[in-house]
Amino acid sequence: MKLMVIDGNSIINRAFYGIRMLTTRDGTPTNAVYGFLTILQKLVDEERPDALCVTFDRRGPTFRHLAYEGYKAQRKGMPDELAAQVPILKEVLDAMNIPRYELEGWEADDLIGTISVRDAAAGWDTVIVTGDKDSLQLITGRTRVKLVTTRMGQTTTKEMTPAAFQEAYGFEPIHMIDLKALMGDASDNIPGVKGIGEKTAMDLIQRYHSVEALYAGLEQVEAKPAVLKKLAEGREQARMSYDLAAIHCDAPLDFAPEDAARKPVNRLALYELFLKLEFSKLIDKMGLSAGPAGGVEEQLQGVGACESEQVTDRARMEELLALWRQRDHVAVLATPSLDAVCVEWGGEGAGKAALFFADKLEGYNDFLRGVFSPEIKKVVHDAKTLMERLLAEGLSPEGVVFDTALAAYLLAPTDGSYELEKLSVTYFNFEVPKARDYLAPDAFGPLADPAIPLAALMSHTALIELLYQTLAPRLEELGMRRLYDAVELPLCPVLAEMERAGMLVDRKALAAFGEMLDGRIDADVKEIYQQAGEEFNINSTQQLGHILFDKLGLPPVKKTKTGYSTNAEVLERLKGQHPILDVILDYRQLAKLKSTYVDGLTKVIAQDGRIHTSFQNTVTATGRLSSTEPNLQNIPVRTELGAELRKMFVAPKGWKLVDADYSQIELRLLAHISDDKVMQDAFRTGEDIHTVTASQVFGVPPEAVTHEMRRRAKAVNFGIVYGISDFSLSQDIGVPRYEAKEYMQRYFEKYSGVHQYMTDIVEKAKADGFVSTLMGRRRWLPELKSSNFNLRSFGERVALNMPIQGTAADLMKLAMIRVDRRLRAEGLEARLVLQVHDELIVECPDGEVERVKMLLTQEMEGVADLSVPLNADSAAGQSWAEAKE
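Just so we're aligned, residue 701 is where the sequence shown starts under my numbering, counting upward by one.
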């Protein structure tokens, strides 16, 4: 039989510092609890213990504090965010039926020791889970320790058995007490023998085994005179430290191994707790629900199960379409292939639903045209994806008046995902059937049981209506309805059209570019082998580290768990010390271009010769768009070869690509939002802002500003927008930190409005709990209340940047809508095909180029009335690269 005992304080502490801060919507911190449970699940899966318990320290002094007043005296209290999670964890453990032990006057380590001794006496084995080495002294043939480390959300464990301990330390585990008696323990403020460090202490214990034996024969101990003197003078300190370090295994604990035998969790209590903590992934992983597992009917309770009908008659279809045209809205959900549609609308009492299937309704295409016409106002979930599907079928995506996914995103922009199942748990504390029940290609096939996908489709449609009723008032309450109606929702059809259009790729040129890269990669590989004097795997960090640092003798910069670090930062710092470094850096750049971009792009070219990226409008916390499959916003431009990739994106014969790019939009917004008069004047008069800044910071006339001065001023300008520190600025521009600090001080002296804005916006964010853009987009900042310096600093940087970057995103989206409407209004063939950061790309016939250039500039510059002018530059070319020149 095997019992696992977890050092509760140690593991929750490791989880807190090893996992990024997580909070619920009301600001309750949860990262430590989530991390603890993740570690618990991992180790229980690995060990499969028969019994399980957790020990905790209890507040107040222990017998060690009474023996030595300085015991743990230097320790600071728990951060508030961690302390708040301890009672939450205990509540979760109770719901999981995991016994927890704590005892006044005793530490958790003593309880662990007592438990392990009683286990052994009863013939049980013990696994101790901890992040501290104190428990290593408890290792025996029946007791082993798993040391837990958590970093960047990843948990690793190191198992310590008697053999593993002996190999690591060179003596038996029980003598860990003696080691601490000599060297002390800074974390517990155990003094040890003054002047005896870990290396000396290890040597002495390896040779003499115990403090008692060491002092019994001190005259015969072979050591330097200075060490012998320290030992003689520190005899009492060593004995006291021994007593402090020794774990007592005789705590008066009401415990027997059988008491901790694993029991089923209280599923309902745990479900309710996890809902409150917003642990939707754990709910899903553990299969928890609001009640006992049951059929579809039970799962639908509270979702407003509708009075439903399956429509197979054309007359009834026409009757319903006429009815819906009279209503203010209906909720609509369609399968990806559009072969099944559910429509829900309010009736007398409970809602009503109608189901339509392509293979069961004659005139199904007429139904699709009718229900997705502008005359029927629809509430949907993920409008952009639905619209793209409709366009693919030749249908017009009109009449959508609300998108619940977009609304949920605006209300919680850092949540990351907005699936209906998750929103059901978040807003209504219940689970609906999984979307996969009706998303599977054969969900409604002739061999499928229709009950499950039908129930899922209906419950999700009803959920869309419930979400609409909940989220729409919330948008109004928080002042984001204007942003939603004017920007987010109207952008959906624009994005859908852009995805359908795609960008044409010159396949032959891309293949030739790939072949050229292959040739250069091969040449680099040969050169690297020649410089190294042998062949090896260049992509292996360990093998490359061996070549660079062991064979070639370069000085190591930093090490990782597996050996030398050979990342780009390390190689850049070593540049100039060996010619192989430049070749390796070049090889890496070429290999990435080939694999990520050339090979990656080739795989996603569609049959029409175009790449159809997917624009993500519910991902970034600032409101910026992102793109996936592939990410065209990530095409490299800073290197000459990277910029070559843009040449592969072309216009069809007789057409051109027109590129329009905002000039310094974030700095212009900084000037407007901060109301800094100096910066505003520079933009109003059309001066180069980086030259003006260089002139102000370096105290020289604008005509005397050198290229290097302007480069540094540019780094300061953009760095300020992102809340850069003097240290980071010094790294960016290659100057000492004190010099970077002087630049920033001079900058703030000249741009005092910017300085005042930076102070005011952080204070306002602390008071309000959020920051917002000019159009009302919000980002909540619980990090500002953190006692963790790094988290708080992150929150302050976000507070500085988000109003600017978020407003830039809002204006770009509004510009896209205006450009699209204008192109249509003027009857042009031109169409938007791509948005990347601050630029828009339009594909148009040769004869429309000048009109499109003018139109783009007018709509982008006229998107907002600011205290400084917005400036957009446009150009045209046969390729994306040509249009950027």
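By construction, the Cβ of each residue, glycine as well, lies at the ideal position given by its N, Cα and C atoms.
Since the structure is predicted, the reported quantities are computational estimates derived from the model, not experimental observations.
Excluding the five sequence neighbours on either side, which residues of its own chain have a C-beta within less than 6 Å of the C-beta of Leu-1511, listed in chain order?
-> So the list reads Val-1563 and Ala-1564, once near-sequence residues are dropped.
Taking Glu-1559 and Val-1519 to be in contact with their CB atoms under 8 Å, please state how far apart those CB atoms are, rounded to whole angstroms.
-> Yes, they are in contact, since the Cβ atoms of Glu-1559 and Val-1519 sit about 5 Å apart, within 8 Å.
For Cys-1042, which residues does DSSP report across the bridge?
-> Paired residue(s): Leu-1033 and Leu-1055.
For Thr-1266, the nearest candidate out of Phe-1398, Phe-1249, Gln-1277 and Ala-1394 (CA to CA) | Just measuring C-alpha positions, the residue of Phe-1398, Phe-1249, Gln-1277 and Ala-1394 sitting nearest Thr-1266 is Phe-1249.
Contact under 8 Å by Cβ, Val-1298 with Glu-1366 | With contacts defined by Cβ atoms closer than 8 Å, Val-1298 and Glu-1366 do not form a contacting pair.
Option in Ser-1425, Leu-1332, Ile-1280 and Thr-814 with minimal Cα separation from Asp-954 = Cα-wise, what sits closest to Asp-954 is Thr-814.
Quick one: grab the DSSP three-state call for Gln-1026.
-> In this structure, Gln-1026 counts as coil in the three-state DSSP scheme.
Drop a sphere of 10 angstroms on the beta-carbon of Gly-870, count the other beta-carbons inside from all chains shown, and report buried for 16 or more, exposed for fewer.
-> So Gly-870 counts as exposed.
Candidates Thr-1313, Met-1444, Arg-1446 and Val-1454, of which the one nearest Ser-1374 by Cα | Of the candidates Thr-1313, Met-1444, Arg-1446 and Val-1454, the residue whose Cα lies closest to the Cα of Ser-1374 is Val-1454.
Where Cys-949 falls: helix, strand or coil (DSSP) | Residue state, collapsed to three classes: coil.
Measure the C-alpha to C-alpha separation of Ala-1112 and Val-1032 and round it to an integer number of angstroms.
-> Approximately 23 Å, taken between the alpha carbons.
Euclidean distance between Cα positions of Ile-1389 and Ala-1382 = C-alpha separation (whole angstroms): 6 Å.
Sheet register partners of Thr-826 (DSSP bridge) = Looking at the DSSP assignment, Thr-826 forms a beta bridge with Leu-703 and Thr-843.
Under the rule that 16 or more other beta-carbon atoms within 10 Å means buried, what is Pro-957, buried or exposed?
-> Buried.
What separation, rounded to the nearest whole angstrom, lies between the Cα atoms of Glu-1442 and Val-1416?
-> Cα to Cα, the separation comes out at about 11 Å.
With a Cβ-Cβ cutoff of 8 Å, do Ala-1107 and Leu-1171 count as a contact?
-> Going by C-beta atoms, Ala-1107 is nearer than 8 Å to Leu-1171.
Do the region 1236 to 1254 and the region 1301 to 1311 touch if we need at least three Cβ pairs shorter than 8 Å?
-> In short, these stretches do not touch, since the Cβ pair count stays below three.
From Val-1392 to Lys-1466, what distance separates their C-alpha atoms?
-> Taking the straight line from one Cα to the other gives about 33 Å.
Could you check the C-alpha separation between Asp-1587 and Leu-836 for me, to the nearest Å?
-> Residue 1587 is absent from the structure shown; the chain starts at 701 and stops at 1585.
Tell whether a beta-carbon distance below 8 Å holds between Ser-1574 and Val-1257.
-> Against a cut-off of 8 Å, the Cβ pair of Val-1257 and Ser-1574 comes out as no contact.
Thinking just about the alpha-carbon of each residue, which of Pro-729, Val-1536, Glu-972 and Ala-795 is nearest to the one in Ser-1326?
-> Answer by Cα proximity: Val-1536.
Return the first residue and the last residue of the beta strand (DSSP E) that Gln-1316 is part of.
-> Membership of Gln-1316 in the beta strand (DSSP E) is indicated by the continuous run 1314 to 1316.
DSSP on Met-1502, reduced to helix/strand/coil?
-> For Met-1502, the secondary structure class from DSSP, reduced to helix, strand or coil, is helix.
According to DSSP, is Gln-1190 helix, strand or coil?
-> For the record, residue 1190 in the displayed sequence is Pro; it is not Gln. Pro-1190: helix per DSSP, three-state reduction.
In the DSSP assignment, find the unbroken alpha helix (DSSP H) run with Tyr-1184 in it and report its ends.
-> Element bounds for Tyr-1184: n/a, residue is neither H nor E.
The alpha helix (DSSP H) spanning Ser-683 covers which residue range?
-> The requested residue 683 is not part of the displayed model; the chain covers only 701 to 1585.
With 16 as the cutoff for other CB atoms within 10 Å, does Lys-846 come out buried or exposed?
-> Counting Cβ neighbours within 10 Å, Lys-846 comes out buried, since at least 16 surround it.
Under the three-state reduction of DSSP, which class applies to Arg-1338: helix, strand or coil?
-> In this structure, Arg-1338 counts as coil in the three-state DSSP scheme.
Tell whether a beta-carbon distance below 8 Å holds between Val-827 and Glu-922.
-> No, Cβ-Cβ distance for Val-827 and Glu-922 is not below 8 Å.
Cα-Cα separation, Ala-1515 to Thr-1557 | Roughly 10 Å between the two C-alpha positions.
Cα-Cα separation between Ala-1162 and Tyr-1138, rounded to whole angstroms = Distance between the alpha carbons of Ala-1162 and Tyr-1138: 15 Å.
Enclosing alpha helix (DSSP H) for Asp-810 [first to last residue] = Looking at the DSSP string, the run of the alpha helix (DSSP H) that includes Asp-810 is 808 to 821.
Less than 8 Å separating the beta-carbons of Asp-903 and Ala-945?
-> No, they are not a contact pair.
Would you mind sorting Asp-1185 into buried or exposed? The rule is 16 or more other CB atoms within 10 Å of its CB.
-> Exposed is the call here.
Note the first and the last residue of the continuous alpha helix (DSSP H) segment covering Tyr-1362.
-> Per DSSP, Tyr-1362 belongs to no alpha helix (DSSP H); it is in the beta strand (DSSP E), 1355 to 1362.
When burial is assigned at 16 or more other CB atoms within 10 Å of the CB, is Pro-1402 buried or exposed?
-> By the 10 Å Cβ count, Pro-1402 comes out exposed.
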